[in-house]
Every structure is written in structure tokens, then in C-alpha cells.
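J.: So for the sequence shown, numbering that gives the first Met the number 0 puts the first residue at 0; every next one is plus one.
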Amino acid sequence: MTTAAEGRETEGTGHRGAVPPSRERKGHIGPLIARARRRPKGRVYATLRWGGVLLFVAVVVSLVVSLVWQAAPAFRHSGFSFLFNGTWNPDAEQFGAGVFIVDTLITTGIGLLLAIVVGIATAAALSEFLPRRVATPLSTCIDLLAAVPSIVVGLWGLFVLVPLFQRDVEPFLQKIPLVRHIFGGSDLGSGILLASVVLAVMMLPTLIALTRTAFQGVSVADREAALALGGTKWQVVRRAVIPGASAGIEAAITLAMGRALGEAIAVALVIGGGVNYPHSLLATGTTLGSAVVSFFSEATGVQRSAVVGLVVVLLAFAAVANIGGQLLVRRRRRRGESHAGPDDVLSDTEREPVPA
Numbered sequence: 000m001t002t003a004a005e006g007r008e009t010e011g012t013g014h015r016g017a018v019p020p021s022r023e024r025k026g027h028i029g030p031l032i033a034r035a036r037r038r039p040k041g042r043v044y045a046t047l048r049w050g051g052v053l054l055f056v057a058v059v060v061s062l063v064v065s066l067v068w069q070a071a072p073a074f075r076h077s078g079f080s081f082l083f084n085g086t087w088n089p090d091a092e093q094f095g096a097g098v099f100i101v102d103t104l105i106t107t108g109i110g111l112l113l114a115i116v117v118g119i120a121t122a123a124a125l126s127e128f129l130p131r132r133v134a135t136p137l138s139t140c141i142d143l144l145a146a147v148p149s150i151v152v153g154l155w156g157l158f159v160l161v162p163l164f165q166r167d168v169e170p171f172l173q174k175i176p177l178v179r180h181i182f183g184g185s186d187l188g189s190g191i192l193l194a195s196v197v198l199a200v201m202m203l204p205t206l207i208a209l210t211r212t213a214f215q216g217v218s219v220a221d222r223e224a225a226l227a228l229g230g231t232k233w234q235v236v237r238r239a240v241i242p243g244a245s246a247g248i249e250a251a252i253t254l255a256m257g258r259a260l261g262e263a264i265a266v267a268l269v270i271g272g273g274v275n276y277p278h279s280l281l282a283t284g285t286t287l288g289s290a291v292v293s294f295f296s297e298a299t300g301v302q303r304s305a306v307v308g309l310v311v312v313l314l315a316f317a318a319v320a321n322i323g324g325q326l327l328v329r330r331r332r333r334r335g336e337s338h339a340g341p342d343d344v345l346s347d348t349e350r351e352p353v354p355a
């Protein structure tokens, strides 16, 4: 008995003192990479890689500089009021992006809200609830929707959704007592609400695909732990899968919002083209992207520079949205790593065995 116990103790001590195989493999990766870089092919690859990075940076910088240079006359003409003024009158040479910024934020916010609710629910159904023989073809169809051109979605909204909203949806919304003042005005069909719905449809494929991938990345151990505690399938999704995939969901929302901010053709076909601050969600409007599409062909002089200024404002909005989303994802990822315990950091091969 003493000999067996000493043998087990010696074996456990030897295992604890040995270097885990995964860490031993990680220790050999650095020298291999350095050796590969010293080879001629490795140096050529490194040169091409950094050359591609510098070329991309040069293209982006030249694009931003050229746009700002062309928009400078409008900024000098209107000053800071260009961002806040809601008047767009080419005859009086009054140009302000305020009304376009408000319409862009409203349509993007409502469309993103609709896309988040429908997208997360659809991704959860495809990943967690539906059988694979049903989820696989549906996922393929949703992925194909991302390849549909925006002009096709816009024409679908113009010929199908505009009559439907004018005949059925808008009269129904105006009869709801609590939200009647939000949906006031004439039943035109085209307007801010319809533009938001079209944006939501365009955001859904990206949001669903990335969210489904994030759900599939949640470990089986977390799901089984929730089931072992007596949770139902829905409780597992709500308490384990969605929190575990929160970083991926936030990244999906950021990418979807970036697409919604820059959409122009589809929105221009269904938003109505009004250049006034909206008094309801059924009112017509003009976003930054649709304003560029509508005004650029006939713009000359300072008006043309003002239209390019709208492009600069739109580019700034998209950059802020993407940078903010990336910072949010990184902060959540760091917070998750700081809250992780030793059992979460070490892999199964690195954990010490429990002594017998």
C-alpha cells in the first residue's frame, strides 16, 4: 500500500513538474517564425505584406484628403453651421447638413433596432432550435441575400412595400392610441419608416450570419453546465449562449450599422426626398447618402462642394461608428479575460490532475 501511494505521489509530482505539451509547442513557434523570416521567400512575403499595408494606407489617406479638399469651399462658405443648419436652398446658396444628419440617425436607429430583434432571434433559431436539415438550407438562403444589389432591394421596396404601407400598414399604425402622434401625417407609403424597414432588410443577412457564427463558437461545456443545472433550451440560450457570444454579436451589430449608414440607392427610392425636419415617422426625408445621389448630378459651384461635404460627414459618421464598435468589443473581451478564473485560462492538457 505504501509503495503504491508513493508511486502515485511520484507520478503526480512528475506530471506537475513537467512542461505541458501545449506550452512546449508554443515555445518552438517563435524560433520557427524567425527562421522562416530569414529565408529569401520569407523576406519577399514580408516585403509584399508591408507593401500592401502601406498601399492601403496611402489610398485611404489620399481619398480622405481629396474629399476634404473638394469640400473645403462649402465649409468656408457655411462654417460650422454646415453641420447644424437645416436649410438646403441652392438658389440662396444656403447649405446645411443638419436635416440630413437627423434623417440618417433616425432611419439607421430604427432599422438597426428592427434588425437586432429579428436577426438575433433568427440566428438563435438556426443555431439552437431548428434541426440541421432545416437550418442548413435556410442559412444558405439568408447568406445569398447579402449578395443582392441594393438597387434590387430598393426597387422591391418601391413597387411592393410602398403600396402595402400606403394601403394597410400606415392606416393601421395611425389607429393605435398610444403611438398615434408618432405616425401622424398623410398615408404616402414612402417615408422614413419604410426606409428604416428597407435598411433593416439589408442589414439582416450580415447580422444573422455573424451572430449565428458567434453562437456556434460558445463552448459545449457552457451549454451542458446550464442544462445540468436544470435549465430549459430557451434558458440555456438566454443565460449561456447569448452572454457567451456577446462580443461577436456586438461586432455583427457594428458591421450592420456601417452598412446602414452608407446606404444610398435603396433609401433614395423609398424615403420620399423631403428636405425638412421630420414631424413623424411617416414623413418624407433625405439621408446623407440619398442626398448625395439626388443632388450631385445637378450640382455646380458651391453646391457641388456642399454635396462632397455631405460625403465627408457621412465618412466621419461611418468611421466613428466602426471605431466605437471595435473599442467596445475589445473592452468587453479584456473584461472577460480579466474575470476568467484559472480553470478558464488553462486548457485541459495544462490542468493539474487531482491527487488520488
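Glycine included, C-beta positions come from ideal geometry on N, C-alpha and C.
Keep in mind that this is a model prediction, so the values were computed, not measured.
Look at the Cβ atom of G323, then the Cβ atom of G271, and state whether they are nearer than 8 Å.
T.: no
J.: Would you check if there are 3 or more beta carbon pairs closer than 8 Å linking the segment 164–176 to the segment 78–86?
T.: no
J.: Just to confirm, are A263 and V292 a CB contact at a threshold of 8 Å?
T.: yes
J.: Assuming G118 contacts T46 (C-beta within less than 8 Å), just tell me the rounded distance between them.
T.: Wrong, their Cβ atoms sit about 42 Å apart, outside the cutoff.
J.: How many Å lie between G340 and T212 at the Cα?
T.: Any answer about G340 is weak, because its pLDDT of 43 lies below 50 and its placement is not dependable; what the coordinates show is given next. About 25 Å.
J.: Is V266 near A194, with beta carbons less than 8 Å apart?
T.: yes
J.: Could you tell me the distance, in whole angstroms, from the CA atom of A224 to the CA atom of E127?
T.: Approximately 16 Å, taken between the alpha carbons.
J.: Please list, in chain order, all residues of the same chain as A305 whose beta carbon is under 7 Å from its beta carbon, the five residues on each side excluded.
T.: A73, F94
J.: Rounded C-beta distance between A255 and V328? I'm assuming under 8 Å.
T.: Not a contact, Cβ separation roughly 14 Å.
J.: Excluding five sequence neighbours on each side, which residues of the same chain lie with their C-beta closer than 7 Å to the C-beta of A70?
T.: S304, V307, G308, V311
J.: Give me the Cα-Cα distance between T139 and T86, rounded to the nearest whole angstrom.
T.: In a straight line, the C-alpha of T139 is about 46 Å away from that of T86.
J.: Hey, could you find the ends of the alpha helix (DSSP H) F158 is sitting in?
T.: It is not in any alpha helix (DSSP H) - F158 carries neither H nor E in the DSSP assignment.
J.: To which residues of the same chain is K232 closer than 8 Å at the C-beta, ignoring the five residues directly before and after it?
T.: Counting only Cβ-Cβ distances below 8 Å, and skipping sequence neighbours, we find E127, F128.
J.: State the CB to CB distance for the pair T103 and L260, rounded to an integer number of angstroms; the pair is presumed to be in contact (CB under 8 Å).
T.: 7 Å
J.: Applying the 10 Å Cβ sphere with the 16-neighbour rule, what's the burial state of S289?
T.: Buried is the call here.
J.: Is the distance from the Cβ of V274 to the Cβ of T285 below 8 Å?
T.: yes
J.: Quick one: is A148 buried, meaning 16 or more other Cβ sit within 10 Å of its Cβ, or exposed?
T.: It is Pro, not Ala, that sits at residue 148 in the sequence shown. Counting Cβ neighbours within 10 Å, P148 comes out exposed, since fewer than 16 surround it.
J.: Apart from the five residues just before and just after A317, which ones in its own chain have a Cβ nearer than 7 Å to its Cβ?
T.: Within the same chain, and ignoring the five residues on either side of A317 in sequence, the residues whose Cβ sits closer than 7 Å to its Cβ are G257, L260, G261.
J.: Give a yes or no on whether the C-beta atoms belonging to A114 and L192 are separated by under 8 Å.
T.: no
J.: Going by the beta-carbon positions, is the gap between A145 and T205 smaller than 8 Å?
T.: yes
J.: Which same chain residues end up closer than 8 Å to V152 when comparing Cβ atoms and leaving out the 5 residues on each side of it in sequence?
T.: V197, V200, M201, A265, listed in sequence order.
J.: By Cβ distance below 7 Å, which residues in the same chain neighbour I181 in space, the five residues on each side in sequence not counted?
T.: S279, L280
J.: From W49 to I207, what does the alpha carbon distance come to, in whole angstroms?
T.: 34 Å
J.: Can you name the residues that DSSP bridges to Q93?
T.: Paired residue(s): N88.
J.: Output needed for Q234: all residues of its chain with C-beta closer than 8 Å, excluding positions within five of it in sequence on either side, in chain order.
T.: A225
J.: Kindly give me the distance between the Cβ atoms of V161 and V269, rounded to whole angstroms, as I take these residues to be in contact under 8 Å.
T.: V161 to V269, Cβ: 6 Å. Contact.
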